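>
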Amino acid sequence: MLNQPDDNTWVRARLEPEERILWEGAPNRRAFVMRGPVFLIPFTLAWLGFAIFWTVGATTSGAPFFFWIWGGGFILVGIYFAFGRFLVADMEARRTRYVFTDRRVVIRSGAFSPEYQELTLDDLPPAQLLEGRGGVGTIYFGPPDPYARWVGAGWPGYRSSAAAFVAINDAASVFRRIGEARRAAQEASRQDANASESGNSPSSARSR
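For the sequence shown, position 195 matches number 181 in this note's numbering, and the numbering has no gaps at all.
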């Protein structure tokens, strides 16, 4: 299930004069939502089952009302872990967009309100590709969080330390294109620096 970009007005409003979009895309929704270790699914179901069992047992045995409130909280947490987090992840996948231009990488994410990340190409951290089945993969800009592969989608309070294009189709091709654009941006930056040092006007390499 591929979520194609449907409106790039948001990124065009952020572009500089003569800046060109080289690629734009969105996550593969199924891969985005289902990312993370498989063992988390039975773990969350076990959590929910135990919370229900404990709460029902406590309340039917005549325990104080506080125990019902306490157990109800664990049931709600279990419902979110087992089911709700996938709904939140799907909301985020629908709203997430990835773009790179001849000058920078731009990411829009957020399940409930938009969040933006921007990285300039000429000083972009080394990118890393983690590719899975069917060419779907994640491109990290900078060292990925060591826990990134062990955290499921929609996990509350977690945010990877590295910006990333998460769960995109044809990830290897996009990875190569980013590398080419990064090298071109770095070369243009060096040309501008050399021109400035020699007393000439900066070159217009970026506007090509």
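A virtual CB, placed ideally from N, CA and C, is assigned to each residue, including glycine.
If you're wondering where the values come from, they're calculated on a predicted model, not measured in any experiment.
Can you check which of these residues, R119, F29, D108, is closest to E166 by C-alpha distance?
Here the closest residue by C-alpha is D108.
> Does the beta-carbon distance from G11 to I154 come in below 8 Å?
Their beta carbons are under 8 Å apart, which means G11 touches I154 by this criterion.
> Exposed or buried, what is T106 when buried is set at 16 or more other beta-carbons lying within 10 Å of its beta-carbon?
Exposed, because fewer than 16 other Cβ atoms sit within 10 Å of the Cβ of T106.
> Along the chain, where does the alpha helix (DSSP H) containing F69 start, and where does it finish?
Counting along the chain, F69 falls outside any alpha helix (DSSP H), and DSSP gives it neither H nor E.
> Within a Cβ cutoff of 7 Å, which residues of the same chain sit near L115, ignoring the five residues on either side of it in sequence?
Counting only Cβ-Cβ distances below 7 Å, and skipping sequence neighbours, we find G123, I125, A157, A158, F161.
> Just to confirm the assignment: which complete alpha helix (DSSP H) runs, minimum length 4, are found wholly within the segment 4 to 64?
Entirely contained in the segment 4 to 64, the alpha helix (DSSP H) runs reaching 4 residues are, in chain order, 15 to 19, 26 to 46.
> Assign L1 to one of three DSSP states: helix, strand, or coil.
Of the three classes helix, strand and coil, the one that applies to L1 here is coil, per DSSP.
> Short of 8 Å in beta carbon distance, which residues of its chain neighbour F52, apart from the five on each side in sequence? Order them along the chain.
Within the same chain, F52 has no close Cβ partners at all.
> Using a threshold of 8 Å, state whether the C-beta atoms of R163 and W54 are closer than that.
Going by C-beta atoms, R163 is not nearer than 8 Å to W54.
> Which of helix, strand or coil does DSSP assign to V74?
Reduced to three states, the DSSP call for V74 is helix.
> Who pairs with V91 in a beta bridge, going by DSSP?
According to DSSP, V91 bridges with F86, L105.
> Are the beta-carbon atoms belonging to L31 and A(-1) less than 8 Å from one another?
Contact flag unset, no.
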